[in-house]
Structures are given as structure tokens and as C-alpha cells.
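Asker:
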Amino acid sequence: MMMNIELSRRQLLLATLMAPTLARAQTVTDLAGRRVDLPRKVERIVLGEGRQLYTLALLEDPPLARVVGWQGDMAAFDPQTYQQYRARFAQIDAIAKIGSTSEASVSPEKVLSLRPDLAIFSLSGHGPGRRHPLVEQLQKSGVPVLFIDFREHPLANTIPSLRLLGQALGREARAEKFIAFYEAQTRRVTELTQGVPINQLPRVLLDARAGDVAGVLTAGRGSLGELIEMAGGINAGADLIASPLGEVSLEAVIAARPEVYIATGYQHPGASAAGLRMGAQVSESMARESLLQVARRRPEIATLPAVRAGRIHGVWHHFYNTPYHVVMLQAMARWLHPQRLAGVDPQATWQLMHREFLGMAPSGQYWISA
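First residue of the sequence shown: 344, per the numbering used here; consecutive thereafter.
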């Protein structure tokens with residue numbers, strides 16, 4: 344009898360010692376510099392932004408199977424892509440909304456009621472940030488919060504973010520496969536642009552959400568400004584603002600005298616708002632016409648050397664917070680250095696990415712030149 348009691352005690356002690364190991368897969372450091380204990384099994388995920396689906400779809404198949412909550416930003420800002428996913432995954436409309444399109448709109452009570460195993464947030468953007476009360480509330484409830492980043496510093500943070508997601512979701516092999524693709528497609532640009540003499544680097548103005556905001560929203564030190572420099576350009580915004588993204592005055596833009604103008608936009612074909620039409624369901628002619636409008640209808644922009652010379656281009660705005668930006672990098676490099684980059688075909692890269700990682704054919708217009 345005493346032997347059985349002692350054996351039971353040992354089994355209980357062993358079970359107690361093993362419990363944390365069974366419940367926790369590994370400890371990682373996220374992009375906010377926080378140590379995060381990842382759960383061994385993740386079945387219920389909350390996304391801080393709906394547009395994190397762009398990245399999730401690269402790793403998860405089906406992409407929405409574990410998502411129980413997210414914000415409504417994808418349906419609001421990219422209804423075309425939302426409709427594409429709805430056509431394939433009818434359950435998309437059943438995913439609970441934790442907020443509308445802003446950090447302030449997020450309901451901590453709603454998030455906690457969903458009983459998530461993991462919350463995935465971005466360092467900045469439209470979702471809960473590092474200092475949002477929800478982060479502490481989730482931690483106290485035993486829910487790990489993982490911060491990733493494709494928006495603030497894409498060059499430094501894209502690959503670590505993909506690896507973190509692979510670890511958190513149990514999709515390490517898939518993440519490494521996409522990372523290999525991403526690195527190979529990036530090298531196709533950098534191997535050609537690194538040797539460009541400094542006097543041949545054109546000065547580039549990025550006009551984010553062109554015609555959709557009152558002033559000029561541009562990339563400073565970070566965000567898409569990093570991609571401009573990697574593509575072989577000088578980012579005019581780096582001298583105007585220190586933050587990754589921010590508004591600048593028209594006077595400052597005029598004084599910068601950019602040689603190349605690149606607008607971003609996301610307006611859909613039926614939108615009544617001004618701005619660049621870009622993305623799924625947008626035709627080439629529609630995209631080009633809207634690009635000319637945003638570049639030439641504002642007198643101050645129309646007088647820029649880049650616009651007068653016809654070096655006008657447009658890209659899908661949502662490249663700014665997804666690793667899809669590797670395709671934008673190739674398109675920009677072709678615009679800035681057409682002879683050097685003649686052998687790089689961003690359209691072929693775009694199609695390959697969809698075929699290998701997203702399981703569907705791309706449609707619509709995601710970059711355009713005037």
C-alpha cells in the first residue's frame with residue numbers, strides 16, 4: 344500500500360513538472376522585444392488587423408481555419424480581396440469583429456470573450472499597439488500576444504516576422520519556403536542596383552494614398568522608403584520626416600524636386616472617393632486614368648519635375664504592410680533603372696507567388712505606369 348502511495352506521489356510530481364512543457368511549445372522574442380511563451384497547440388487566433396490575412400494566407404491552408412476574430416479593415420479598405428476570399432471560404436463573414444478600422448475601436452471584452460489561444464498584433468497600424476490595455480489584459484488571462492512588423496521597417500523585420508509566425512502556427516517549413524522565395528526575388532534586384540553610381544540614383548517622391556488625403560502622406564525613414572532605396576532610388580521623404588510614414592507640406596514636396604513620382608492607392612472600381620484605383624477587379628485602363636488624375640489634378644503636384652517629365656507610377660497601397668512588397672520592389676527597380684533591370688519581370692514573380700503560396704491566380708492591377 345505504501346509503495347502504491349509513493350508511486351502515485353511520484354506520478355503526480357512528474358505530471359506537475361511536465362505540465363508547463365506540455366502547455367508551452369517554446370519561448371521566442373517578438374518584434375516588440377518581448378519574451379513570449381508560445382502555446383504548443385493553437386486552435387483559436389485573433390488578428391489585430393484583418394489585412395494580416397495577406398501574410399497568414401502564405402503560411403496557412405486554408406488560411407481562415409483558425410481565425411476567430413479580427414478587425415473590419417480588410418472589408419472596408421480592400422473589399423475586392425475580401426470578396427475573393429469570401430468566394431473561396433464562406434466562413435469569412437462569420438469571423439467575429441473585434442473593432443472597425445482603428446486601434447481605438449477595438450473591444451477588449453470582445454477579444455477576451457473569443458477565448459483565443461494566440462493574438463497576433465502589429466507594431467503599428469490600425470490595430471492594438473504595444474501600449475494598448477488589451478495587451479496586458481490578454482497576458483493576465485494567459486493568452487500570448489505576438490507582435491510582428493512589415494510596415495515600420497520591412498527590410499529588417501519581414502523575415503523575423505515570418506519566422507515568428509511559422510513558429511507560432513507550427514508552419515516553420517512553410518515559412519522557410521516563402522523566406523527562400525523572398526530572399527531570392529530580393530537578390531534579383533539588389534545584385535543589379537548595388538552597383539549604380541550615386542549620381543545615377545533618381546530622387547523619388549512617394550505619395551501614399553494619393554488624392555485620398557488632404558496633404559501629402561509619404562515615407563520617411565522606414566516603411567516603403569526603405570524599398571525605394573533598395574530599388575536604386577533616393578527617397579525624398581527621408582529628408583522631410585524621421586518617422587516611417589507621415590504628412591509633409593506641399594511646399595516641402597515642391598522644394599524636394601523629385602525626378603520620379605510614385606503614388607499608392609487602394610480605391611475599388613465603384614468607389615466615389617478620389618484616389619488611385621488599384622488592386623483586384625481594377626483594369627489597367629482604370630488604374631492608369633486614376634493615376635493621371637491624382638498626379639495632374641493637384642496644381643502643386645502637377646508642377647513637379649517628375650510629373651512634367653512623365654515619370655509617373657502607381658502601386659497598390661497595401662503592399663506597405665505585407666511581404667508581398669517584394670513584387671513592388673521589383674516593379675520600382677524596373678521603373679528607376681529599366682536597362683539594368685530588363686531581365687526582372689515583376690508580373691512573373693507575382694504569378695509565381697500566387698501559384699506557389701496562395702493557391703489562386705492573381706487578377707486586377709497592382710502597379711501601373713503613365
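Where is the CB? At the ideal position from N, CA and C, for every residue including glycine.
Measure how close the beta-carbons of Leu549 and Gly580 come, nearest whole angstrom, since I'm counting them as under 8 Å.
Answerer: 6 Å
Asker: Which class does Leu365 belong to by DSSP, given the choice of helix, strand or coil?
Answerer: Below a pLDDT of 50, predicted positions are generally treated as unreliable, and Leu365, at 38, falls in that range; no measurement from the model is reported.
Asker: Please return the same chain residues whose Cβ sits closer than 7 Å to the Cβ of Arg631, not counting the five positions on each side in sequence.
Answerer: Ile711 and Ala713
Asker: If contacts are defined as beta-carbon pairs under 8 Å, then Asp460 and Arg387 qualify, I think. What distance do you get, rounded to the angstrom?
Answerer: 5 Å
Asker: Going straight from the alpha carbon of Pro612 to that of Asp436, what length do you get?
Answerer: 22 Å
Asker: Going along the chain, which residues of its own chain have a beta-carbon closer than 8 Å to the beta-carbon of Gly522, five neighbours each way excluded?
Answerer: Per the sequence shown, residue 522 should be read as Ile rather than Gly. Closer than 8 Å at Cβ, skipping near neighbours: Ile502, Leu505 and Arg506.
Asker: Assuming Pro471 contacts Asp380 under a Cβ cut-off of 8 Å, what Cβ separation, rounded to an integer in Å, is found between them?
Answerer: The C-beta distance from Pro471 to Asp380 rounds to 19 Å, too long to meet the 8 Å contact threshold.
Asker: Taking the Cβ atom as the reference point for each residue, do Gly707 and Gly622 lie within a distance shorter than 8 Å?
Answerer: yes
Asker: Suppose you measure from the CA of Thr364 to the CA of Gly485; what does that come to, to the nearest Å?
Answerer: Here the model assigns Thr364 a pLDDT of 39, short of 50, so the residue's position is not dependable and the matter cannot be decided.
Asker: If you draw a straight line from the alpha carbon of Gln673 to that of Ala551, how long is it in whole angstroms?
Answerer: 18 Å
Asker: Would you list the residues sitting across from Ile463 in a DSSP beta bridge?
Answerer: Leu390 and Leu489
Asker: To the nearest angstrom, how far is the alpha carbon of Arg639 from that of Ala516?
Answerer: Distance between the alpha carbons of Arg639 and Ala516: 47 Å.
Asker: Kindly indicate which three-state DSSP category Leu560 falls into: helix, strand or coil?
Answerer: strand
Asker: What is the rounded straight-line gap between the Cα of Val385 and the Cα of Arg409?
Answerer: 8 Å
Asker: Quick one: Cα of Pro406 to Cα of Thr533, how far?
Answerer: Approximately 31 Å between the Cα atoms of the pair.
Asker: In chain order, what residues of the same chain have a beta carbon less than 7 Å from the beta carbon of Gly653, not counting five sequence neighbours either side?
Answerer: In chain order, Ala713 place their CB closer than 7 Å to the CB of Gly653, counting only its own chain and leaving out the 5 sequence neighbours on each side.
Asker: Hey, Thr370 and Gln414: beta-carbon distance below 8 Å or not?
Answerer: Contact flag unset, no.
Asker: From this set, Pro451, Gln543 and Leu457, which residue's C-alpha is nearest His680's C-alpha?
Answerer: Gln543
Asker: Can you say whether Glu526 is buried or exposed, counting buried as having 16 or more other CB atoms within 10 angstroms of its CB?
Answerer: exposed
Asker: So Tyr397 is in the alpha helix (DSSP H); what residue range does that whole segment cover?
Answerer: For Tyr397, the enclosing alpha helix (DSSP H) stretches over residues Leu396 to Leu402.
Asker: So Ala527 is in the alpha helix (DSSP H); what residue range does that whole segment cover?
Answerer: Glu515 to Thr536
Asker: Using a Cβ-Cβ cutoff of less than 8 Å, which residues in the same chain neighbour Thr607 once the five nearest sequence positions on both sides are dropped?
Answerer: Counting only Cβ-Cβ distances below 8 Å, and skipping sequence neighbours, we find Leu549, Asp550, Ala551, Arg552, Ala553, Leu567, Leu619, Met621, Gly657, Val658, Trp659, His660, Phe662 and Tyr663.
Asker: In terms of alpha-carbon separation, which member of Gly393, Lys440 and Ser448 lies closest to Tyr428?
Answerer: For the residues Gly393, Lys440 and Ser448, the minimum Cα distance to Tyr428 belongs to Gly393.
Asker: Is it buried or exposed, Leu401, if we count other Cβ atoms within 10 angstroms and call 16 or more buried?
Answerer: Per the 10 Å Cβ criterion, buried.
Asker: Measure the C-alpha to C-alpha separation of Thr359 and Gly565 and round it to an integer number of angstroms.
Answerer: Note that Thr359 scores 39 on pLDDT, short of 50, meaning its location in the model is unreliable and no value can be drawn from it.
Asker: One question on the structure: do Phe493 and Thr646 come within less than 8 Å of each other, judged by their Cβ atoms?
Answerer: no
Asker: Determine the direct distance from the alpha carbon of Ile571 to that of Gly589, and round the result to whole angstroms.
Answerer: 16 Å
Asker: Sorted by chain position, which residues of the same chain lie with C-beta nearer than 7 Å to Ala704's C-beta, five sequence neighbours on each side aside?
Answerer: His697
Asker: With C-beta atoms as the reference, is Gly412 less than 8 Å away from Ile438?
Answerer: yes
Asker: Since Glu495 contacts Leu466 with CB under 8 Å, what's their CB separation in whole angstroms?
Answerer: 5 Å
Asker: Under DSSP, the beta strand (DSSP E) around Val547 begins and ends at which residues?
Answerer: Arg546 to Asp550
Asker: Is Met346 buried or exposed, if buried means 16 or more other CB atoms sit within 10 Å of its CB?
Answerer: Confidence in Met346 is poor, its pLDDT being 39 and thus under 50, which makes the residue's placement unreliable; the coordinate value appears in the next sentence. Counting Cβ neighbours within 10 Å, Met346 comes out exposed, since fewer than 16 surround it.
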